[in-house]
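*Asks:* Each residue of the sequence shown is one higher than the one before, counting from 28 in our numbering. Glycine is no exception: its CB is placed at the ideal position from the N, C-alpha and C atoms. First, the structure itself, so that you have it in front of you.
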Amino acid sequence: MIYIVGIGPGSPEYIIPLAVDTMKKVDVIIGFERAMTSIPKINVQNIIVKTLKDIIDYITINNHKDIAIIASGDPCFYGITNYIKSNFDGKVEIIPGISSFQYLMCKLQKPWQNAHLGSMHGRREEFIKVVGEYEISVWLTDKGNSPQALCRKLFDNNIKATIYVGEELSYTDERIIKGTVEEFKDKIFNNLSVVVIENMESSTEYISEIMHRK
C-alpha cells in the first residue's frame with residue numbers, strides 16, 4: 028500500500044496522530060529532505076529524494092512494499108496528490124495534514140471560509156484581478172513571486188491593503204509580520220512564505236508590527 032501522508036506546516040507538534048501511526052507501520056518513508064527533518068524519529072527506513080519523478084520511480088519498482096510518501100502541509104491542498112495519482116496506477120491512501128494556510132489564519136485569528144486561496148508556485152494566476160475581487164486572499168509564494176514582489180504588483184496597481192507575511196511557520200524561527208503594501212514592497216522576505224492580503228478601506232493605515240515571533 029502506498030500512503031501519501033500530510034505532515035503539516037513543519038513542526039512535528041502539528042503532525043496528526045494517524046500520520047505518525049501510519050509512518051510507524053510502513054516499510055519505507057520517502058520524501059524530500061526538509062520534510063524528512065520535520066518528522067519524529069521512527070525506526071523505519073528513510074529515503075530522501077530530490078524530485079517527484081524519483082518518488083514515482085521508487086514506488087513503481089517497490090509497489091509490493093508499504094510506503095509512506097510524506098508531504099508538507101496537506102497532500103490535497105496544492106500538494107503532491109495529483110502528480111502521484113496521475114503517474115502511478117497502484118492503490119493509494121491519503122492521510123490529511125494541517126496546511127500552512129490553516130496554521131497562519133489561526134495564528135491571525137481570522138475566519139477564512141470566504142477567502143481566495145491561491146498559489147504562485149510555478150503558476151500565473153490573475154493575481155491583481157483576484158485581489159480586487161476578494162476581501163481576503165491567501166497566497167503561497169515562491170522565488171519568482173516573493174512577498175515583496177507581490178506587494179510591488181499591488182503598489183504598481185494602486186491597491187491599498189493590509190498585508191500579513193508568515194515565514195518559517197511552526198518552526199522555532201517563525202515570523203509573522205503585519206504591514207502595508209508600501210512598507211513591504213522593498214522588504215526582503217523568505218521566498219517560500221504565506222501572504223494574506225486584506226483589501227479593504229481600513230487597510231489604508233500605515234501599520235507595521237511583529238504579530239508573533241518564537
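Does any CB atom of chain B fall closer than 8 angstroms to the CB of K51?
*Replies:* Included in the structure is just one protein chain, with no chain B present.
*Asks:* When you compare only the Cα positions, how much space is there between I234 and T207?
*Replies:* Here the question's residue 234 lines up with position 207 in the sequence shown. Here the question's residue 207 lines up with position 180 in the sequence shown. Since pLDDT at I234 reaches only 32, below the 50 mark, its modelled position is unreliable, and the value read off the structure follows with that caveat. One alpha carbon belongs to I234, the other to T207, and they sit about 6 angstroms apart.
*Asks:* Could you spell out the range, first to last residue, of the beta strand (DSSP E) harbouring K68?
*Replies:* As a first step, residue 68 is located in the sequence shown; it is residue number 41 there, counting from the start. Run containing K68: none; DSSP gives neither H nor E here.
*Asks:* Are at least three pairs of beta-carbons, each pair with one atom in the segment 109-119 and one in the segment 45-62, less than 8 angstroms apart?
*Replies:* no
*Asks:* Within the segment 82-125, note down every full beta strand (DSSP E) run reaching 3 residues or more, in order along the chain.
*Replies:* Listed in chain order, they are 94-98 and 119-122.
*Asks:* Quick one: is P138 buried, meaning 16 or more other Cβ sit within 10 Å of its Cβ, or exposed?
*Replies:* As a first step, residue 138 must be located in the sequence shown, where it is residue number 111. Classification for P138: exposed.
*Asks:* Decide if E201 is buried, meaning its Cβ has at least 16 other Cβ atoms within 10 Å, or exposed.
*Replies:* The residue given as residue 201 occupies position 174 in the sequence shown. Buried, by the Cβ-count rule.
*Asks:* Is the Cβ-Cβ distance between F128 and V165 less than 8 angstroms?
*Replies:* Stepping through the sequence shown from its first residue, residue 128 is reached at position 101. Stepping through the sequence shown from its first residue, residue 165 is reached at position 138. For the pair F128 and V165, the CB atoms are nearer than the 8 angstroms cut-off.
*Asks:* Take I69 and list the residues in its own chain whose beta-carbon comes closer than 6 angstroms to its own, dropping the five residues that flank it on each side.
*Replies:* The residue you call residue 69 lines up with position 42 of the sequence shown. These residues qualify, in order along the chain: M50 and K51.
*Asks:* With respect to the alpha helix (DSSP H) encompassing Y30, which residues constitute its N-terminal and C-terminal limits?
*Replies:* The sequence position of residue 30 within the sequence shown is 3, counting from 1. It is not in any alpha helix (DSSP H) - Y30 instead sits in the beta strand (DSSP E) that spans I29 to G33.
*Asks:* Hey, V158 and N218 are a contact pair by Cβ (cut 8 angstroms); roughly how many whole angstroms apart?
*Replies:* Working through the sequence shown from its first residue, we reach residue 158 at position 131. Working through the sequence shown from its first residue, we reach residue 218 at position 191. 19 angstroms between Cβ atoms; not a contact.
*Asks:* Between Y105, I66, N73 and T168, which lies nearest to D54 when the distance is taken from Cα to Cα?
*Replies:* Here residue 54 corresponds to residue number 27 of the sequence shown, with the count starting at 1. D54 has its Cα closest to that of N73, out of Y105, I66, N73 and T168.
*Asks:* Quick one: is Y30 buried, meaning 16 or more other Cβ sit within 10 Å of its Cβ, or exposed?
*Replies:* The residue given as residue 30 occupies position 3 in the sequence shown. Classification of Y30: buried, given that the 10 Å Cβ count is 16 or more.
*Asks:* Here's the rule: buried if 16 or more other CB atoms are within 10 angstroms of the residue's CB, otherwise exposed. What is G106?
*Replies:* The sequence position of residue 106 within the sequence shown is 79, counting from 1. In the assembly as shown, G106 is a buried residue. Its beta-carbon has 16 or more other beta-carbons within 10 Å.
*Asks:* Is it buried or exposed, I163, if we count other Cβ atoms within 10 angstroms and call 16 or more buried?
*Replies:* The residue labelled residue 163 in the question sits at position 136 within the sequence shown. Burial call: buried.
*Asks:* I'd like to know if the segment 31-38 and the segment 82-102 are in contact, where contact means that at least 3 CB-CB pairs between them fall below 8 angstroms.
*Replies:* Using a C-beta cut-off of 8 angstroms, the segment 31-38 makes contact with the segment 82-102, since at least three inter-stretch Cβ pairs fall below that distance.
*Asks:* Let me check understanding here. Comparing Cα to Cα, which of G124, F115, T87 and I204 lies closest to S99?
*Replies:* Locating residue 99 in the sequence shown gives position 72, where the first residue counts as 1. Taking only the C-alpha atoms, the option nearest S99 is G124.
*Asks:* In the structure shown, what three-state DSSP assignment does F182 receive?
*Replies:* Locating residue 182 in the sequence shown gives position 155, counting from the first residue. If DSSP states are grouped into helix, strand and coil, F182 belongs with the helices.
*Asks:* What did DSSP end up calling V208 once you bin it into helix, strand or coil?
*Replies:* Along the sequence shown, read from residue 1 onward, the residue named residue 208 stands at position 181. Collapsing the DSSP output to three states places V208 in a helix.
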